[in-house]
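I have placed the structure first, in the form of structure tokens, so that the comments after it can refer back to it.
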Amino acid sequence: MFRFIILLVFVSCVFFPSLCGADDNSFKAKNPDIDKYPFVKNFITGLGYYHRVAIRLKAEADMPATAETEMKAIQLFIDNRTMDNTELRIARNYVTQFTSSRNGLIRKLAQDTIVTYDKLIAMSVEERGLWQAFLDFKKQQDSQRIDEGDFIRQQTEIALDKKEVAKGLLEACRIIHTVLLSAEKCESEECSHLAVTQKERDKLLEKLDAFAGSNMAWGMKEGQSTVEACEAAIREILEDRIYLSK
119 MFRFIILLVF
129 VSCVFFPSLC
139 GADDNSFKAK
149 NPDIDKYPFV
159 KNFITGLGYY
169 HRVAIRLKAE
179 ADMPATAETE
189 MKAIQLFIDN
199 RTMDNTELRI
209 ARNYVTQFTS
219 SRNGLIRKLA
229 QDTIVTYDKL
239 IAMSVEERGL
249 WQAFLDFKKQ
259 QDSQRIDEGD
269 FIRQQTEIAL
279 DKKEVAKGLL
289 EACRIIHTVL
299 LSAEKCESEE
309 CSHLAVTQKE
319 RDKLLEKLDA
329 FAGSNMAWGM
339 KEGQSTVEAC
349 EAAIREILED
359 RIYLSK
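So for the sequence shown, this note's numbering puts the first residue at 119; every next one is plus one.
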């Protein structure tokens, strides 16, 4: 009889954890202190590659448009999209190992980040194809006529879609704040205890500074680009001394 009761309790705890004091939806259950430092380190490293993509796109937007430089500009756009594809794939690969993390929040964040990067890669490939077809037409290597108005419309749609998809990275950067909180000392996101040491915080900040610069203000603000807001959100939790290191 005693063994039966023990077995009953065990089965109840497995299938109904809340009956045994465990809540699958609790902060501690979803965000245990597992993989936090290595995940954030890899996420920031990947963000550095996306930062380079964003810098190229900004430089292109600021380029003066002249008839004399048109062909060179088109070739530059093709070459840039090739580099974008490479660096976006590298950024994605930095988080793939965490799709099976025992930390549920990190696992979900890694999966969502990969989806975001995959969408950006697909759009970059499409954009490169459009530019290549346009260049071939301009060089008269392709007899198929291209409607320049339709070409501009397609490029505009891709640019808008990129901005929308990149919001996924922005959301991921916001959630990094939650990832870094200590499950040991925190009951919810309303907490100031971190799961990383001061030395680890300094290393993460150094990695961020390597591409984002050290003079950016904390937090997301109106008027920032997606990558700037992303970097500022991560910087805030790493630098703000209201958050206590492990």
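All C-beta atoms, glycine included, are put in the ideal place defined by N, C-alpha and C. Please read all numbers here as calculations on a predicted model, not as lab measurements.
Cβ neighbour criterion (16 or more within 10 Å) applied to residue i
{"i": "residue 154", "result": "buried"}
{"i": "residue 267", "result": "exposed"}
{"i": "residue 129", "result": "Summary for residue 129: the model assigns pLDDT 41, below 50, so the residue's position carries little reliability, and this model does not support an answer."}
{"i": "residue 142", "result": "Low confidence applies to residue 142: its pLDDT is 49, below 50, so where it sits in the model is not reliable enough to give any reading."}
{"i": "residue 233", "result": "exposed"}
{"i": "residue 362", "result": "exposed"}
{"i": "residue 358", "result": "exposed"}
{"i": "residue 202", "result": "buried"}
Test item: CB-CB of residue i and residue j under 8 angstroms
{"i": "residue 366", "j": "residue 208", "result": "Beyond the ends of the chain as shown, which are 119 and 364, falls residue 366; an answer cannot be given."}
{"i": "residue 296", "j": "residue 307", "result": "yes"}
{"i": "residue 342", "j": "residue 330", "result": "no"}
{"i": "residue 148", "j": "residue 222", "result": "yes"}
{"i": "residue 352", "j": "residue 276", "result": "no"}
{"i": "residue 238", "j": "residue 206", "result": "yes"}
{"i": "residue 365", "j": "residue 181", "result": "Given a span of 119 to 364 for the chain in the structure shown, any question on residue 365 remains unanswerable."}
{"i": "residue 227", "j": "residue 290", "result": "yes"}
Nearest candidate by alpha-carbon position, reference residue i, set the options
{"i": "residue 188", "options": "327, 253, 363 and 157", "result": "253"}
{"i": "residue 204", "options": "190, 225, 228 and 246", "result": "246"}
{"i": "residue 366", "options": "364, 200 and 198", "result": "The question about residue 366 has no answer here: the residues shown for the chain are numbered 119 through 364."}
{"i": "residue 287", "options": "251, 165, 159 and 156", "result": "165"}
{"i": "residue 345", "options": "311, 282 and 319", "result": "282"}
{"i": "residue 299", "options": "355, 229, 162 and 225", "result": "355"}
Heavy atom of the ligand NAP within 7 angstroms of residue i beta-carbon
{"i": "residue 354", "result": "Inclusion of the ligand NAP in the displayed structure is not the case, the ligand content being empty and no account of it being possible."}
DSSP beta-bridge partners of residue i
{"i": "residue 362", "result": "311"}
{"i": "residue 299", "result": "312"}
Segment contact, 8 angstroms Cβ cut-off, at least three pairs: the stretch 210-217 with the stretch 173-182: No, because fewer than three Cβ pairs between the stretch 210-217 and the stretch 173-182 fall closer than 8 angstroms, the two stretches do not touch.
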